[in-house]
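First residue of the sequence shown? That's 49 in the numbering used here, and the numbers climb one at a time after it. In this text, a Cβ means the ideal position worked out from N, Cα and C, and glycines have one as well. These figures come from a predicted structure and were not determined experimentally.
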Amino acid sequence: MSIPTSFIDQLLDQTDIVDVIGRRIPLNKKGSNFWCQCPFHDDSNPSMAVNQDKQFFYCFVCQESGNAIHFLRQYENLEFVDAIETLASSAGMTVPYENNRLDKSKPSGLVEKAVRFYQANLNETIAPKAIQYLKERKITGPTAKKFNIGYAQDKWDGLFNHLEAEASAKELNESGLFSKKDNRFYDRFRGRVIFPIRNIKGDFIAMGGRIIDEGEPKYLNSPETSFFNKSNELFGLYEVKESERNIASLIVVEGYMDVIGLYEHGIKNAVATLGTAVTPNHVSKIMRYTNKIFFAFDGDLAGGKAAWKAVENTFPIIREDINIYFVFFDPGHDPDSYINEHGLEGFQKLLDESISLSSYFLSKVKEYNLETLEGRAQAAAFAIPVVNKINNSVIKEIYASEVSKLCGMDVKTMDVPTSASIRQDLNHNVKSNSNMPVRVKAVINIFSALLAFPAIAKDSIFDQLKNNPKLEFLFIILDLYKQTPDIKPSRVIESLESDQIKGYFSEAVVAGLELSEKNAIKLVVDCVDILLKNQKDREQILKDKYNVRSISPVERRDLQQIILKKQEITDDDRNWLEKLSSKQD
Ligand SMILES: [Zn+2]
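Now the structure itself:
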């Protein structure tokens, strides 16, 4: 599915990049920009400028740049659509998807047909054992209906026969519902209770199946398809969203039976990962809908590992306004079995007694023998890399200070930058461009003038530079401003190929030069002069090279071009052209 450009523009208009970045990394205002430590390279200075006026960020070191969408995609490692969803959710807007049949990320509708087929199978006549199984798990009819639970008969072609007439081989193949052998399709799910998986928009995109009789594997999921990426999806999230507009909290569990079991007992805000550890994508998605998260993993070794993985994947994107808690079960218990044994109240009590992310993390540090110097060193060696994953420098400072107390070491010796040191660095971080080549400065200044007065793009002064192949990028940008004078800087960047030019343009954006129109025009005139002189210099340098016979074929062509594109060609120029074309040795 696709999202209309008009919506993306509207979304960017209603979003402030300073909020988006500031919620994740502390920003400090200095001059016309906000500054922060760049999360995209190992930054010890605030190297990233965020320009509110132009809604644009730029890192002077790694040159990462762009708008709020680009920042989110990079920072939370999101697909484009997910970044849009995140921004839309904080702006209180709903993303209008356009149906585009050719779009590969749109489920074909086949999965939904399969869900309905399997659902119809779930009755006493066809599936007595499945009904029996659900009864044993204390799943009632309304809950089975809410989650669209179904049953796949133990046949190789039940679903295939049902869908064959209405889908092409390609669709069948891409649906994830069949396996293929010797050019024939076979039902992937056989003899299983079916738990359909929906994406956040409610489309059925995949399914999980629990075997009824003996057999392996006990749980089987759809394979990844163009519309199902399991490290991105959460079972039950759509169902929570469907019944709760403002989600107070979400409980993350390991399996779909946990989600359904909790729902049956009245806990209607659980979601499950699909056979994977909690990924940063999951965390980012959950944070989009709530600011209170409980991780409730099984009371076994794997559950403990899953909890720690959740810590590691939460740290990079943690924010001050997000509260995270961990619930631990006795060995042998999972959320479903616990609530079956202790009921809603018992489970609620467990949530009340859950421990916070910071306490959980510090309890891990305390597992080392902090009585001995060796133990404290080991604890520090364990904790520092984890703390360093935190991008939010305020939170990082708090964690670092707690760890230093426990390990009896000074924060400074632990190589964890704190916001105090960031503030210090800010004072000498203003980018100095005094040693930049003059023609680079000229290019950046032309960009600055264009950003301030886009109408300058129409000025004929630039025509003089047309014969310089090295300045092609300038004309691409001029054309963009001629066509769309109010074009957003991030759109201009998208149209450029060279990272270097993108960097120059970004510098001009964050430089945010305040120019009067008169000064902007004067600046352009001066800079065009510099570039022209530079071109004349280039011509002379190439001619000198030619005279000592050290000219390369590329340089030869370059020189030919420079001469050919002159507005007036002199006799001397003609001589040169002759020389250059005759001596093709
Ligand atoms: Zn950077």
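Spatial distance of residue i from residue j (CA atoms)
{"i": "VAL572", "j": "GLU587", "result": "22 Å"}
{"i": "LYS614", "j": "ASN516", "result": "10 Å"}
{"i": "LEU182", "j": "ILE174", "result": "14 Å"}
{"i": "LYS77", "j": "CYS86", "result": "15 Å"}
{"i": "GLU389", "j": "SER402", "result": "19 Å"}
{"i": "SER480", "j": "GLU555", "result": "Any reading at SER480 must be qualified, since the residue scores a pLDDT of 43, below 50, and its modelled position is unreliable; no value is offered."}
{"i": "ASP170", "j": "GLU393", "result": "The sequence shown places Leu at residue 170, rather than the Asp named in the question. Taking the straight line joining both Cα atoms gives about 31 Å."}
{"i": "THR362", "j": "ARG424", "result": "25 Å"}
{"i": "ALA490", "j": "GLU616", "result": "25 Å"}
{"i": "TYR337", "j": "ASP369", "result": "13 Å"}
{"i": "LEU625", "j": "ILE611", "result": "8 Å"}
{"i": "SER543", "j": "PHE276", "result": "31 Å"}
{"i": "ASN115", "j": "LYS186", "result": "50 Å"}
{"i": "SER630", "j": "ASP585", "result": "24 Å"}
{"i": "ILE69", "j": "ASN493", "result": "27 Å"}
{"i": "ASN247", "j": "LYS203", "result": "28 Å"}
{"i": "ILE259", "j": "SER216", "result": "29 Å"}
{"i": "VAL557", "j": "ASN81", "result": "10 Å"}
{"i": "LYS453", "j": "PRO433", "result": "17 Å"}
{"i": "MET457", "j": "ILE446", "result": "14 Å"}
{"i": "VAL478", "j": "LYS266", "result": "Bear in mind that the predicted position of VAL478 carries a pLDDT of just 40, short of 50, making it unreliable; the figure below should be weighed with that in mind. Using only the alpha carbons, I get a separation of about 60 Å."}
{"i": "ALA355", "j": "ALA318", "result": "16 Å"}
{"i": "GLY198", "j": "ALA168", "result": "7 Å"}
{"i": "ASP511", "j": "MET335", "result": "51 Å"}
{"i": "ASP547", "j": "LEU522", "result": "14 Å"}
{"i": "PRO465", "j": "SER223", "result": "Bear in mind that a pLDDT of 47 at PRO465, under 50, signals an unreliable position, so the number given afterwards is only what the model happens to contain. Going by the C-alpha atoms only, they are around 48 Å apart."}
{"i": "LYS460", "j": "LEU561", "result": "Confidence at LYS460 is low in this model, with a pLDDT of 48, below 50, so the placement of that residue should be treated as unreliable; the coordinate-derived value is given next. For LYS460 and LEU561, the distance between alpha carbons rounds to 37 Å."}
{"i": "GLY257", "j": "GLY263", "result": "12 Å"}
{"i": "THR134", "j": "TYR123", "result": "12 Å"}
Whole-Å CB distance - residue i paired with residue j, under 8 Å assumed
{"i": "SER270", "j": "ASN329", "result": "Not confirmed; about 18 Å, so no contact."}
{"i": "LEU158", "j": "GLU219", "result": "6 Å"}
{"i": "ASP235", "j": "ALA200", "result": "7 Å"}
{"i": "LEU513", "j": "VAL442", "result": "Not quite, the Cβ-Cβ distance comes to about 48 Å (not below 8 Å), so this is no contact."}
{"i": "TYR166", "j": "ILE242", "result": "4 Å"}
{"i": "ILE504", "j": "ILE578", "result": "Actually they do not touch by this definition, with Cβ atoms about 16 Å apart."}
{"i": "ALA136", "j": "LEU60", "result": "11 Å between Cβ atoms; not a contact."}
{"i": "LYS316", "j": "SER291", "result": "6 Å"}
{"i": "PHE208", "j": "PHE233", "result": "5 Å"}
Test item: CB-CB of residue i and residue j under 8 Å
{"i": "GLY314", "j": "ASP384", "result": "no"}
{"i": "VAL488", "j": "TYR552", "result": "yes"}
{"i": "PHE252", "j": "VAL163", "result": "yes"}
{"i": "PHE119", "j": "ILE65", "result": "yes"}
{"i": "PHE395", "j": "TYR386", "result": "yes"}
{"i": "SER113", "j": "ILE541", "result": "yes"}
{"i": "ILE245", "j": "LEU349", "result": "no"}
{"i": "PHE55", "j": "PRO144", "result": "yes"}
{"i": "ASN439", "j": "ARG72", "result": "yes"}
{"i": "LEU580", "j": "LEU607", "result": "no"}
Cut-off 8 Å between Cβ atoms - residues of its own chain near residue i, not counting five sequence neighbours on either side
{"i": "ALA320", "result": "LEU282, PHE283, GLY284, VAL300, VAL301, GLU302, GLY303, TYR304, ASP306 and VAL307"}
{"i": "TYR373", "result": "LYS340, ILE341, PHE342, PHE343, LEU399, SER402, ILE403, SER404 and LEU405"}
{"i": "LYS228", "result": "ASN221 and TYR234"}
{"i": "ALA139", "result": "LEU59, GLN62 and THR63"}
Close beta carbons around residue i, own chain, < 7 Å, minus the five adjacent residues each side
{"i": "ASP346", "result": "GLU302, PHE377 and ASP382"}
{"i": "VAL331", "result": "ASN361, THR362 and ILE365"}
{"i": "SER250", "result": "A small correction: the amino acid at residue 250 is Gly; Ser does not occupy that position in the sequence shown. Result list for GLY250: TYR286, in chain order."}
{"i": "GLU184", "result": "none"}
{"i": "LEU25", "result": "The structure shown does not extend to residue 25, since the chain is modelled only from 49 to 633, so the question has no answer here."}
{"i": "GLU160", "result": "PHE252"}
{"i": "ASP621", "result": "ILE611 and LYS614"}
{"i": "ARG604", "result": "LEU628"}
{"i": "THR191", "result": "ILE308, TYR311 and GLU312"}
{"i": "PHE495", "result": "TYR552, PHE553 and ALA556"}
{"i": "ALA325", "result": "ALA354 and LYS357"}
{"i": "VAL435", "result": "LYS444, TYR447, ALA448, VAL451 and VAL464"}
{"i": "LYS530", "result": "ALA505 and LYS506"}
{"i": "THR142", "result": "ALA136"}
{"i": "ALA131", "result": "ILE117, LEU120 and ARG121"}
Neighbour flag for residue i against chain B, beta carbons, 8 Å
{"i": "PRO517", "result": "As a matter of chain content, chain B is missing from the structure shown, which is built from one protein chain."}
Nonlocal neighbours in the same chain, by C-beta distance under 6 Å from residue i, ignoring five residues either side
{"i": "LYS550", "result": "ILE541 and LEU544"}
{"i": "LYS593", "result": "ILE599"}
{"i": "ARG471", "result": "Unreliable placement is indicated for ARG471, whose pLDDT of 42 sits below 50; no coordinate value is reported for it."}
{"i": "HIS210", "result": "PHE165"}
{"i": "GLY351", "result": "PHE345"}
beta-carbon residue i near ligand 2 non-hydrogen atom, thresh 7 Å
{"i": "HIS118", "result": "Looking for ligand 2 in the displayed structure turns up nothing; the ligands present are ligand 1."}
| Segment contact, 8 Å Cβ cut-off, at least three pairs: the region 339–357 with the region 415–424 | Cβ pair count under 8 Å is below three, so no.
| field | Stretch pair the region 562–569 + the region 99–108: three plus CB contacts closer than 8 Å | value | In short, these stretches do not touch, since the Cβ pair count stays below three.
| message | Tell me whether the region 594–609 and the region 529–542 touch, counting them as touching only if at least three CB pairs, one residue from each stretch, are closer than 8 Å. | response | The region 594–609 makes no contact with the region 529–542, as fewer than three CB pairs between them are under 8 Å.
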